[in-house]
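Following: one structure in structure tokens, then a few remarks.
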């Protein structure tokens with residue numbers, strides 16, 4: 672059996688072809704693999720970009736959260752500062768209101784003291800019985816607001832109070848009053864001022880005086896001032912009125928008796944010898 | 402600080418003293434005294450006053466006549482006038498205000514009331 676030469680020659684050709692095919696197949700697989708790799712790479716790159724984007728977003732969110740937290744902290748601090756300021760403001764306001772009310776109180780005190788000062792100055796600035804009486808009446812009318820009133824001095828035997836000056840009382844209604852058994856007499860005898868607190872002072876009358884003030888020289892009582900009623904706009908006595916009552920009780924009779932003695936001495940001032948041996 | 406001048410018209414030396422005492426507490430106020438309406442007119446003729454505080458019951462010329470005269474005086478016709486009186490009735494108040502008084506205070510006076518009335522009319526803080 673003879674061998675076909677073409678067979679011999681075709682054998683290596685076939686090998687080469689198969690080898691080529693194999694190489695081609697490998698190449699094709701390699702190429703396909705490379706494409707797949709490229710695709711994977713692209714996908715991964717895209718994924719990376721997407722993750723980077725997400726990361727950036729998350730970072731921004733975290734930064735925003737920090738900013739919000741900072742702002743919240745600031746708000747909290749500011750709230751505390753505000754509360755502190757409000758509390759300080761309230762304290763200052765309370766202090767101011769306190770100062771203001773004390774100022775008003777001081778102004779009233781000043782006004783009362785001015786009334787007492789003026790009354791005292793007026794009482795001691797004349798040695799004429801008429802002028803002293805006029806000033807006592809002025810104090811009663813202008814400072815106390817008395818509408819009807821009278822001043823009484825006790826008689827020599829101490830049994831009757833005799834009116835020496837009056838205002839707003841009908842003449843017939845005014846006469847000596849017995850010390851015993853009368854409201855005026857009781858105030859005189861006890862040496863204590865009496866104020867009718869049952870009715871308004873502007874509703875008093877000669878029978879039911881609003882106030883009776885004993886007049887005193889040292890420890891001796893010499894008469895009374897009776898305030899029968901006050902002006903319509905003055906329904907009750909105030910603190911300063913009671914101070915004025917005390918002042919009148921202590922100074923009115925002294926001024927009146929002093930002026931009377933001076934008149935009796937025919938307005939002659941006592942000589943220096945009268946003051947030399949006072950042993951003070 | 403602006404300075405204001407006030408004329409106090411009162412026949413009673415005691416009340417005058419008290420009013421001057423009270424009004425002198427207003428720092429920017431210079432106080433001048435007059436014994437009655439005639440004395441007040443004399444003083445108003447020689448100087449300009451920013452406010453007048455006057456009693457009603459006075460001899461020679463009372464407070465209401467003074468208000469009338471002041472309101473016809475070209476220099477002082479706009480000057481605020483405060484009336485002080487013992488009369489407390491609404492009618493008396495109306496009468497004084499109709500004649501041209503700007504405010505009305507009844508006796509017995511309270512210094513803080515006089516001060517606040519004067520300050521209010523002069524618009525002093």
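Chains as they are written, first to last, in our numbering: chain A, 672 to 951; chain B, 402 to 526. Ideal Cβ placement from N, Cα and C applies to all residues, glycine included.
Pairwise C-alpha distance: residue j and residue i
i                      : j                      : result
residue 928 of chain A : residue 510 of chain B : 29 Å
residue 985 of chain A : residue 851 of chain A : What is shown of chain A runs 672 to 951, which leaves residue 985 of chain A out entirely.
residue 796 of chain A : residue 415 of chain B : 11 Å
residue 436 of chain B : residue 418 of chain B : 11 Å
residue 521 of chain B : residue 853 of chain A : 49 Å
residue 673 of chain A : residue 691 of chain A : Caution is warranted here: a pLDDT of 47 is assigned to residue 673 of chain A, below 50, making its placement in the model unreliable, and the coordinate value is therefore given only provisionally. The alpha-carbon atoms of residue 673 of chain A and residue 691 of chain A are separated by roughly 30 Å.
residue 913 of chain A : residue 863 of chain A : 12 Å
residue 876 of chain A : residue 770 of chain A : 43 Å
residue 826 of chain A : residue 845 of chain A : 16 Å
residue 803 of chain A : residue 917 of chain A : 17 Å
residue 713 of chain A : residue 724 of chain A : 16 Å
residue 766 of chain A : residue 805 of chain A : 46 Å
residue 423 of chain B : residue 780 of chain A : 12 Å
residue 755 of chain A : residue 775 of chain A : 30 Å
residue 873 of chain A : residue 905 of chain A : 6 Å
residue 807 of chain A : residue 799 of chain A : 12 Å
residue 512 of chain B : residue 420 of chain B : 7 Å
residue 743 of chain A : residue 773 of chain A : 44 Å
residue 707 of chain A : residue 699 of chain A : 12 Å
residue 941 of chain A : residue 930 of chain A : 13 Å
residue 749 of chain A : residue 761 of chain A : 18 Å
residue 924 of chain A : residue 858 of chain A : 15 Å
residue 695 of chain A : residue 709 of chain A : 20 Å
residue 459 of chain B : residue 470 of chain B : 15 Å
residue 697 of chain A : residue 730 of chain A : 47 Å
residue 732 of chain A : residue 739 of chain A : 10 Å
residue 466 of chain B : residue 831 of chain A : 46 Å
residue 881 of chain A : residue 473 of chain B : 44 Å
residue 686 of chain A : residue 721 of chain A : 51 Å
residue 450 of chain B : residue 829 of chain A : 56 Å
residue 869 of chain A : residue 907 of chain A : 11 Å
Beta-bridge pairing of residue i - partner residues as DSSP gives them
i                      : result
residue 834 of chain A : A/823
residue 455 of chain B : B/410, B/484
residue 746 of chain A : Per DSSP, none; premise fails for residue 746 of chain A.
residue 434 of chain B : B/409
residue 507 of chain B : B/486
residue 524 of chain B : In the DSSP output, where bridge partners are listed per residue, residue 524 of chain B has none listed.
residue 815 of chain A : Residue 815 of chain A is not bridged to any residue.
residue 848 of chain A : A/832
residue 865 of chain A : A/883
Under 7 Å by beta carbon: chain D residues contacting residue i
i                      : result
residue 416 of chain B : No chain D appears in the structure shown, which is made up of the protein chains A and B.
For residue j and residue i, believed in contact at Cβ under 8 Å, the rounded distance
i                      : j                      : result
residue 835 of chain A : residue 822 of chain A : 6 Å
residue 867 of chain A : residue 879 of chain A : 6 Å
residue 482 of chain B : residue 461 of chain B : So it is not a contact: roughly 18 Å between Cβ atoms.
residue 919 of chain A : residue 896 of chain A : 6 Å
residue 911 of chain A : residue 786 of chain A : 6 Å
residue 926 of chain A : residue 784 of chain A : That pair is no contact at about 20 Å.
residue 411 of chain B : residue 456 of chain B : 5 Å
residue 501 of chain B : residue 476 of chain B : At roughly 15 Å, the Cβ-Cβ gap does not stay under 8 Å, so residue 501 of chain B and residue 476 of chain B are not in contact.
residue 893 of chain A : residue 824 of chain A : 6 Å
residue 848 of chain A : residue 839 of chain A : Not really, about 17 Å apart at Cβ, beyond 8 Å.
residue 529 of chain B : residue 813 of chain A : Summary: the structure shown does not reach residue 529 of chain B, with chain B confined to residues 402 through 526, and so no result is reported for it.
Using a Cβ distance threshold of 8 Å, determine whether the segment 441 to 457 of chain B contacts the segment 940 to 949 of chain A, with at least three qualifying pairs required. no
Tell me the start and end of each unbroken beta strand (DSSP E) in the segment 871 to 918 of chain A that is at least 3 residues and wholly inside, in chain order. 882 to 888, 891 to 901
Check whether the segment 815 to 828 of chain A touches the segment 889 to 907 of chain A, counting contact only when three or more Cβ pairs, one atom from each stretch, lie closer than 8 Å. yes
State whether the segment 418 to 427 of chain B contacts the segment 513 to 526 of chain B, with contact taken as three or more CB pairs (one from each stretch) at a distance under 8 Å. yes
With contact counted as at least three CB pairs below 8 Å, one residue from each stretch, are the segment 471 to 490 of chain B and the segment 499 to 516 of chain B in contact? yes
Given 8 Å as the limit, is there contact between the segment 493 to 502 of chain B and the segment 406 to 413 of chain B, that is, 3 or more CB pairs closer than that? no
Determine contact between the segment 778 to 790 of chain A and the segment 877 to 895 of chain A, defined as no fewer than three beta-carbon pairs at a distance below 8 Å. no
Mind pulling the beta strand (DSSP E) runs of 3 or more residues that sit fully within the segment 709 to 738 of chain A? none
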